[in-house]
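Residue numbers (the working numbering), protein chains in the order written: chain Y, 8 to 264; chain R, -14 to 247. Since the structure comes first, as structure tokens, the remarks are kept for the end.
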Amino acid sequence: MKSSPRFTRLLWVVLLLAVWEITRRLSSASVLAFPSVAMVAGRLVELLATGLLMRQVAVSLGLISGGLVLAALPAGVLVLVSSRVRWVDSLLETMVTLFHPLPGIALLPVIILWFGIGVEAVMVVIVHSVFWPLITNLRAGREAMPAVYRRVAENLGMSAADSFCRITLPAVTPYLISALRICWARSWRALISAEMVFGAVVAGGGLGWFLHSRRVFMDTTGLFVGLVVIMAVGVFVEDGVFRFVESRTVRRWGMNP
Amino acid sequence: MSRLEVVQVSRRFIVENRTHTVLDRVDLRVDQGELVCLLGRSGCGKTTLLRIIATLDREYEGAVLVDGVRATRPGPDRMMLFQETEQVFPWLTVLQNVSMPLEVQSHRDPSGEARRFAGLVGLGDALNFYPHQLSGGMRQRVALARALAVQPAVLLMDEPFAGVDAATRSDLQQLLLGIHTERAPTILFVTHQIDEALILADRIVVLGDNGSVAASIPRDRVPQTTERRSADPATVGRQSSSPDELLTATLHRLLLPSGSRR
């Protein structure tokens, strides 16, 4: 039997939901702690209808996009400078080694002390979670670039700007995409955690805040809705954004990392 | 006046306080429309000389003249063709690869010109292919088209066919010969293979191990290559001293390590 991976995946999801539902029916636990699939689905529709949930998603994704831009610009510039200035390169390497293993959530107490509990604090958490993997991957991309690219650019007498836009940028695209993928995964986790800890500091709150508030209101069904939405957003970004961009670029070019 | 003139070029590297002379007062000319093969053993400085001509290496003594004018910076008038098939950019189609240098030079019609040169190397039907869809030999054709399209004063080829299988290499050599017969681009072709030099060259310049020019041998290319190709198996074993065999023997002798040369 031949079926598309998408279809197979859907079958597995249905199966997992069925297992949940059967367990629910066999279990004696209260629906307050362990709601049925139908209850979660119903609540999901309800919350989507009010627009509350989508607002939370939008807030969270907006924060991540902002953090990504805020981290990507200095990271790009630093890696560019470090390919010309040796001491910058060695400093960057040391800093990545030191700070990369630090989980954003571990920094929270310090961040709260220094930045309070506003948007700035959430941004610091996101920037921290994406800045280091971005630098590591961009440096790796630069190292992996075949030397002959640079020689062709030099031979053609290309200007620095031409050489960067026409050669360096596309050459590191596979690494850039895989860097953004790691950044996304890390920042998404960090953000949800930060939102849960900070509570509704950002106008609208975000998904983490939503989870937190469901717990406070003892809305277990809503809690599960929050978890489902977090998973759904993750799948959407992976399949809808990253795979799409890849199919238009590195896969078409045969440059899959 | 020659298209390319290399005048008394020397290149020394200092490694651990010892000076190594890679090129020693090399003189070389390539005339308009000439295909000169620079023949030498691996490590004799052939590539270094090409890099100096292209001004990718500036730490040399002597002078490089293009149309009588001293070359001081890299430029597409001395377009290089490298050995690596990666020189064709994977994110550009065949057409985009060939037109890219033309776009950089603000050519009037990069796409039309690129189409013409892609056709010239036999890639007219593969314009929208990406390099990963092409064989190594076809990628070198793309590189050749890209190099020819900028119409360099002299095309510098650094063992461009060394990375492909023997049959493909032979195809590429015939392609280059055909283009050369038809359009007569000025070419300096570096190789370490005697047979390649014999097939391609109007003139063979032998670079010795000591980094100086050991010989410059003009050739009457066409009749001799046909003779080689149509050699009757019955006569191969016979002792003969055709000019080609004498030349091959001479070249072999010139390419021997300097210590063992008689």
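Cβ atoms here follow ideal geometry from the backbone N, Cα and C, with glycine treated the same way.
For residue i, would you say it is in contact with chain R, using Cβ-to-Cβ distances shorter than 7 Å as the test?
i, result
"valine 252 of chain Y", "no"
"glutamate 161 of chain Y", "yes"
"methionine 165 of chain Y", "yes"
"proline 116 of chain Y", "no"
"methionine 262 of chain Y", "yes"
"proline 153 of chain Y", "yes"
"arginine 258 of chain Y", "no"
Counting C-beta neighbours from all protein chains within 10 Å, is the total for residue i 16 or more, i.e. buried, or is it exposed?
i, result
"valine 190 of chain R", "buried"
"alanine 256 of chain R", "No answer is possible for residue 256 of chain R: it lies beyond the span of chain R, which begins at -14 and ends at 247."
"asparagine 82 of chain R", "buried"
"arginine 43 of chain R", "exposed"
"asparagine 144 of chain Y", "buried"
"methionine 225 of chain Y", "exposed"
"tryptophan 121 of chain Y", "exposed"
"valine 242 of chain Y", "exposed"
"tryptophan 19 of chain Y", "exposed"
"proline 181 of chain Y", "buried"
"tryptophan 260 of chain Y", "buried"
"threonine 33 of chain R", "buried"
"glycine 164 of chain Y", "buried"
"histidine 5 of chain R", "exposed"
"methionine 130 of chain Y", "buried"
"isoleucine 184 of chain Y", "buried"
"glycine 111 of chain Y", "buried"
"valine 88 of chain Y", "exposed"
"methionine 65 of chain R", "buried"
Would you please verify whether the beta carbon of residue i is less than 7 Å from any beta carbon of chain Y?
i, result
"glycine 60 of chain R", "yes"
"threonine 211 of chain R", "Low confidence applies to threonine 211 of chain R: its pLDDT is 42, below 50, so where it sits in the model is not reliable enough to give any reading."
"alanine 216 of chain R", "Model confidence at alanine 216 of chain R stands at a pLDDT of 46, short of 50, so the residue's coordinates are unreliable and nothing is read from them."
"glutamate 44 of chain R", "no"
"glutamine 159 of chain R", "no"
"leucine 35 of chain R", "no"
"methionine 123 of chain R", "no"
"glutamine 72 of chain R", "yes"
"phenylalanine 67 of chain R", "yes"
"valine -9 of chain R", "no"
"leucine 259 of chain R", "Lying before the first or after the last residue shown, residue 259 of chain R is absent from chain R, which here runs from -14 to 247."
"alanine 39 of chain R", "yes"
"proline 75 of chain R", "yes"
"valine 149 of chain R", "no"
"valine 21 of chain R", "no"
"valine 89 of chain R", "yes"
"proline 86 of chain R", "yes"
Suppose contacts are defined by Cβ-Cβ distances below 7 Å. Is residue i in contact with residue j by that definition?
i, j, result
"glycine 215 of chain Y", "isoleucine 199 of chain Y", "yes"
"isoleucine 133 of chain Y", "serine 194 of chain Y", "yes"
"threonine 166 of chain R", "glycine 18 of chain R", "no"
"alanine 234 of chain R", "leucine 24 of chain R", "no"
"phenylalanine 174 of chain R", "alanine 134 of chain R", "no"
"cysteine 22 of chain R", "alanine 186 of chain R", "yes"
"valine 117 of chain Y", "alanine 78 of chain Y", "no"
"methionine 152 of chain Y", "alanine 192 of chain Y", "no"
"arginine 50 of chain Y", "valine 240 of chain Y", "no"
Using three-state DSSP, classify residue i as helix, strand or coil.
i, result
"alanine 111 of chain R", "coil"
"methionine 165 of chain Y", "coil"
"phenylalanine 249 of chain Y", "helix"
"glycine 47 of chain R", "strand"
"aspartate 156 of chain R", "helix"
"aspartate 12 of chain R", "strand"
"proline 140 of chain Y", "helix"
"threonine 210 of chain R", "Unreliable placement is indicated for threonine 210 of chain R, whose pLDDT of 43 sits below 50; the coordinate value is still reported in the next sentence. The answer is helix: DSSP assigns threonine 210 of chain R an H, G or I state."
"cysteine 29 of chain R", "coil"
"arginine 58 of chain R", "coil"
"alanine 216 of chain R", "Because the pLDDT of alanine 216 of chain R is 46, which lies under 50, any placement of that residue in the model is unreliable, and the number read from its coordinates should be weighed accordingly. Coil."
"valine 149 of chain R", "coil"
"valine 38 of chain Y", "coil"
"threonine 78 of chain R", "coil"
"proline 203 of chain R", "strand"
"methionine 262 of chain Y", "coil"
"glutamine -7 of chain R", "strand"
"valine 139 of chain R", "coil"
"valine 73 of chain R", "coil"
"threonine 171 of chain R", "coil"
*asked:* Taking beta-carbon pairs under 8 Å, can you tell me which members of the segment 169 to 196 of chain Y lie near chain R?
replied: Asp169, Arg173, Ile174, Pro177, Ala178, Thr180
*asked:* Which residues of the segment 93 to 120 of chain R have a Cβ closer than 8 Å to any Cβ of chain Y? Give them in chain order.
replied: Tyr115, Pro116, His117, Gln118
*Identify each residue in the segment 11 to 32 of chain Y for which the Cβ-Cβ distance to at least one residue of chain R is less than 8 Å, and report them in chain order.*
none
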